[in-house]
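So the protein lines, in turn, are chains A and B.
When you read off a place in the first sequence, starting at 1, and then add 2, the result is the number in the working numbering.
When you read off a place in the second sequence, starting at 1, and then add 1374, the result is the number in the working numbering.
Where is the CB? At the ideal position from N, CA and C, for every residue including glycine.
Below: the structure, in structure tokens.
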Amino acid sequence: MARTFSIKRQPGFATIAMICFFLLYLPIATLVVYAFNAGTSIAIWEGFSFRWFAAAWNNQQVIEASWRSLKIATSAAVIATVCATLAALATTRTAGYRGLTFKYAFINIPLLVPEIVTAVALLILFSRIKIWTGYSGLGYLILAHSAFCIPFAYLPIRARLESMDLSLERAAADLYATPVKTFRYVTLPLLWPGILAGLMLAFVISLDDVVITEFVKSGGQDTLPTYMLGQLRRIVTPEMNAISAVFLLLSLAIVTVFFFLSRNPQKENE
Amino acid sequence: MATSAAEADGTRERKDVRDRWLLSAPALVLIAAASVGPLLIVLLYSFLAPGNYGDVKWEFSTEAWFNVLFSRDIFDDTVSLADAHFSIFWRSIKLAAATTALCLILGFPTAYFIASRPPHNRSIWLFLITIPFWTNMLIRTFAIQEVIRSEGLANTLLIWLGIIDAPVQMMFTDFAILLGMTYVHLPLMVLPLYASIEKLDFRLVEAAYDLYATRFKVLMRVIVPLVKPGIIAGSILVFIPALSSYVIPRVLGGGRNLMIGNLIELQFGQGRNWPLGASLSVTLVFIVMIALLFYVRNAGRPGGNAHG
């Protein structure tokens, strides 16, 4: 077959890319397939069954850990998104002022510090506060998660704000809208997709966290990931696959919504 | 009148700046309380003496820092280099560098492939890269574990193909850690590379072909220098989390093949030497800062001959 000379083609690149996509999905696919195994092995296929999903559903520890995960992730995502939205409003659409660069850097610090270091740092701090106050509830985990979720929530919100048209808000102000009204009826509706995207990113990041949670949690405060980490040391049954499969489905749903939210509205019309 | 207008402007500006500080206060306070503040405490702890049952004694000591680099014989007090620490740091750096290289080798063609699709197809391919990125890291590590276990997919397949007779021990080796880290961090390499390649001006590529460059020469002398910022960004994004990995070596290395993260954890667990753990943490942050500094110095300007 005669091929026209394409300047973009590089030999072998498409093949490597295909292998890459295949290798990215093969382990996940295997994991999901064995969640439906009727046998107790995660290696030998013994027929199709939902028994491990039922087993996970009836496992009190799994259900409790899942609830705890959702509770922490929801609280942390809301707190982080509110803080990130305010911070984004404070750091965009300005000619620049003293302290602006400092704020950028400060907000991004949780991204740059290795997770394990933040984890031991919080362990040191919180173990002291636990002794002083006697409080050992979920508050510590929510606080820790909120803090490291802020930079993730901040990214899409700031991106959205920067692409927004200032003239609409000026128009509102010209028509005697108070700053609060302008924000409520003009800025917020325009910013909303960015806020939602930030909220979801923060939610997923919190839901996925293992390291910081593992160090900060008190006894009996396992989240789903730390529960799974504990289980991986033992003999693993397809119950773990079933839990993972459900977790995967949840992540997939969130990433799909995020994907459509963060699509650039200008590009859609092309 | 002009002065009072200027004054009013100044007041408004000051008020604006004050409002902006108020708006960003919640985020700054939260990060100070649960990220930056605790880090300073770690720095403080690295200069204290270890307590008997974990935690610290409140007395100044540089023993922890001394122990990062040296070990003192418990019987005759002779001092030697802390081989165990050096070897773990060196292994971690080697593994992280190898992970970065593997991610680059696999990720560059993938990113290039996506960027050279017609625009309306690109988002689907990008979506396929993003899904694993959003999937729980522990689940992906677990998935790799299932593939490389003795009775896992990889061994079964190799035996079936007749390449090996008995299962090869892949779990609990450096290979397992390398594989796991590459798998987990690959999307972090592809995404910035894609962003960079997408902006590539293909007229330059065309010009190179007009001047009789071969495909390989175009790749190495035109494309790679132009997308260098993306390569550096991707490499940093992979290298830093790979270097400070904790979960992957714990699960796939099985507690025997430690990396820095596990060494730090050990000091807060069985080791009961919090100051040493703290000073190791500070050392890790320091290495990360050096990597970031390298990034800041090199990013943002496409390098090399292409522009010259």
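Expected contact under 8 angstroms - CB spacing of Thr-2/A and Ile-44/A to nearest Å: Since the displayed chain A opens at 3 and closes at 272, residue 2/A lies outside it and no answer follows.
Expected contact under 8 angstroms - CB spacing of Val-259/A and Met-202/A to nearest Å: Counting from one through the first sequence, the residue named residue 259/A turns up at place 257. Counting from one through the first sequence, the residue named residue 202/A turns up at place 200. About 6 angstroms separates the beta carbons of Val-259/A and Met-202/A, which is inside the 8 angstroms limit, making them a contact pair.
Simplified DSSP state of Ser-1454/B, which is helix, strand or coil: Looking up residue 1454/B in the second sequence gives position 80. DSSP places Ser-1454/B in strand when its eight states are reduced to three.
Start-end ranges of the beta strand (DSSP E) lying completely within the region 37-100 of chain A, minimum 3 residues: Taken in chain order, the whole beta strand (DSSP E) runs of length 3 or more contained in the region 37-100 of chain A number zero.
Minimum Cβ-Cβ distance from Phe-1487/B to chain A less than 8 angstroms: On the second sequence, position 113 is the one that residue 1487/B refers to. True, the Cβ-Cβ gap to chain A drops below 8 angstroms.
Through-space distance from Ala-79/A to Ala-1379/B, alpha-carbon basis: Start at 1 with the first residue of the second sequence, and residue 1379/B comes out as number 5. Start at 1 with the first residue of the first sequence, and residue 79/A comes out as number 77. Approximately 44 angstroms between the Cα atoms of the pair.
Pair within 8 angstroms by beta-carbon distance, Phe-217/A and Ala-89/A: Counting from one through the first sequence, the residue named residue 217/A turns up at place 215. Counting from one through the first sequence, the residue named residue 89/A turns up at place 87. Contact annotation: Phe-217/A and Ala-89/A have beta-carbon atoms that are not nearer than 8 angstroms.
Close beta carbons around Val-1564/B, own chain, < 7 angstroms, minus the five adjacent residues each side: Taking the first residue of the second sequence as 1, we reach residue 1564/B at position 190. Scanning its chain for C-beta atoms nearer than 7 angstroms, with the 5 sequence neighbours on each side dropped, one finds around Val-1564/B the residues Gly-1481, Thr-1484, Ala-1485, Ile-1503, in chain order.
Rounded separation between Ser-1466/B and Ala-86/A - CA only: Sequence index remark: in the second sequence, residue 1466/B carries index 92 (1-based). Sequence index remark: in the first sequence, residue 86/A carries index 84 (1-based). Approximately 34 angstroms, taken between the alpha carbons.
Rounded Cβ spacing between Leu-1611/B and Ile-1634/B (contact assumed at less than 8 angstroms): Position 237 of the second sequence, counting from 1, holds the residue named residue 1611/B. Position 260 of the second sequence, counting from 1, holds the residue named residue 1634/B. At roughly 18 angstroms, the Cβ-Cβ gap does not stay under 8 angstroms, so Leu-1611/B and Ile-1634/B are not in contact.
Inside the region 1603-1634 of chain B only - alpha helix (DSSP H) runs reaching at least 4 residues: Within the region 1603-1634 of chain B, the complete alpha helix (DSSP H) runs of at least 4 residues are 1621-1626.
Amino acids of chain A, ordered along the chain, whose beta-carbon sits closer than 9 angstroms to that of Pro-1506/B: To locate residue 1506/B, count along the second sequence from 1; it is residue 132. Those are Leu-26, Tyr-27, Ile-30, listed as they occur along chain A.
Inter-stretch contact at 8 angstroms, needing at least 3 Cβ pairs: the region 1403-1422 of chain B / the region 141-156 of chain A: The region 1403-1422 of chain B, when compared against the region 141-156 of chain A, does touch it at the 8 angstroms Cβ threshold.
Stretch pair the region 1523-1531 of chain B + the region 44-55 of chain A: three plus CB contacts closer than 8 angstroms: Flag = yes, the region 1523-1531 of chain B and the region 44-55 of chain A touch.
Opposing strand residues paired with Pro-195/A [DSSP bridges]: Mapped onto the first sequence, residue 195/A falls at position 193. The bridge partners DSSP lists for Pro-195/A come to none.
Chain B within 8 angstroms of Ala-89/A, Cβ atoms only: To locate residue 89/A, count along the first sequence from 1; it is residue 87. Answer yes: the Cβ-Cβ gap between Ala-89/A and chain B drops below 8 angstroms somewhere.
Euclidean distance between Cα positions of Ser-1461/B and Asn-1441/B: Residue 1461/B sits at position 87 when you count from the first residue of the second sequence. Residue 1441/B sits at position 67 when you count from the first residue of the second sequence. Between Ser-1461/B and Asn-1441/B, the alpha-carbon positions lie close to 14 angstroms from each other.
Any 3 or more C-beta pairs closer than 8 angstroms across the region 1544-1552 of chain B and the region 1512-1522 of chain B: Two segments are said to touch when three or more pairs of C-beta atoms, one from each, lie closer than 8 angstroms; by this definition the region 1544-1552 of chain B touches the region 1512-1522 of chain B.
Option in Tyr-156/A, Ala-123/A, Glu-164/A with minimal Cα separation from Leu-1413/B: Counted from its first residue, the second sequence places residue 1413/B at position 39. When only C-alpha atoms are compared, the closest one is Ala-123/A.
Buried versus exposed, by CB contacts within 10 Å (16 or more), Trp-1508/B: For the purposes of this step, residue 1508/B is taken as residue 134 along the second sequence, with counting starting at 1. Trp-1508/B is buried by the Cβ-count criterion.
Simplified DSSP state of Arg-1392/B, which is helix, strand or coil: Within the second sequence, numbered from 1, the residue matching residue 1392/B stands at position 18. Of the three classes helix, strand and coil, the one that applies to Arg-1392/B here is helix, per DSSP.
Under 9 angstroms by beta carbon: chain B residues contacting Met-166/A: In the first sequence, residue 166/A corresponds to position 164, counting from 1. Per Cβ cutoff of 9 angstroms: no residues; Met-166/A is ~16 angstroms from chain B at best.
Backbone secondary structure at Ala-1475/B - three-state DSSP: By 1-based counting over the second sequence, the position of residue 1475/B is 101. Three-state result, Ala-1475/B: helix.
Within chain B, partners of Thr-93/A - CB distance below 7 angstroms: Position 91 of the first sequence, counting from 1, holds the residue named residue 93/A. Ordered by position in chain B, the residues that pass the 7 angstroms Cβ test against Thr-93/A are Ser-1398.
Proximity below 8 angstroms, CB of Ala-1438/B to CB of Ile-1571/B: In the second sequence, the residue the question calls residue 1438/B occupies position 64. In the second sequence, the residue the question calls residue 1571/B occupies position 197. No, Cβ-Cβ distance for Ala-1438/B and Ile-1571/B is not below 8 angstroms.
According to DSSP, residues forming a beta bridge with Val-1442/B: Along the second sequence, one-based indexing puts residue 1442/B at 68. DSSP, once it has assigned bridges, lists no residue as partnering Val-1442/B.
Cβ-based neighbour list, Val-1656/B, same chain, cut-off 7 angstroms, excluding 5 preceding and 5 following: Numbered from 1 along the second sequence, position 282 holds the residue referred to as residue 1656/B. Closer than 7 angstroms at Cβ, skipping near neighbours: Val-1416, Leu-1417, Ser-1420.
Cutoff 6 angstroms; reference Val-188/A; Cβ partners in own chain excluding five residues on either side: Here residue 188/A corresponds to residue number 186 of the first sequence, with the count starting at 1. Result list for Val-188/A: Leu-170, Glu-171, Ala-174, in chain order.
Through-space distance from Val-1592/B to Val-1598/B, alpha-carbon basis: Start at 1 with the first residue of the second sequence, and residue 1598/B comes out as number 224. Start at 1 with the first residue of the second sequence, and residue 1592/B comes out as number 218. If you draw a straight line from the Cα of Val-1598/B to the Cα of Val-1592/B, it is about 9 angstroms long.
With 16 other Cβ atoms within 10 Å as the buried cut-off, status of Trp-54/A: As a first step, residue 54/A must be located in the first sequence, where it is residue number 52. Classification for Trp-54/A: buried.
Interface flag, Asn-271/A vs chain B, CB-CB below 8 angstroms: Indexing the first sequence from 1 puts residue 271/A at position 269. Unreliable placement is indicated for Asn-271/A, whose pLDDT of 41 sits below 50; no coordinate value is reported for it.
Contact under 8 angstroms by Cβ, Ala-1517/B with Thr-32/A: The residue labelled residue 1517/B in the question sits at position 143 within the second sequence. The residue labelled residue 32/A in the question sits at position 30 within the first sequence. Yes.
Buried or exposed (CB count within 10 angstroms, at least 16 for buried), Trp-69/A: Here residue 69/A refers to the residue found at position 67 when the first sequence is read from its first residue. With fewer than 16 other Cβ atoms within 10 Å, it is exposed.
Other residues of its chain near Ser-1/A: CB distance less than 7 angstroms, five sequence neighbours each side excluded: A question about residue 1/A goes unanswered here, because the residues of chain A that appear run from 3 up to 272.
Proximity winner among Leu-1617/B, Gly-1643/B, Ile-1606/B, Ser-1619/B, relative to Tyr-1669/B (alpha-carbon distances): Position 295 of the second sequence, counted from the start, is the residue given in the question as residue 1669/B. Closest option to Tyr-1669/B, Cα to Cα, is Ile-1606/B.
Interface flag, Tyr-178/A vs chain B, CB-CB below 8 angstroms: As a first step, residue 178/A is located in the first sequence; it is residue number 176 there, counting from the start. No, because no Cβ of chain B sits closer than 8 angstroms to the Cβ of Tyr-178/A.
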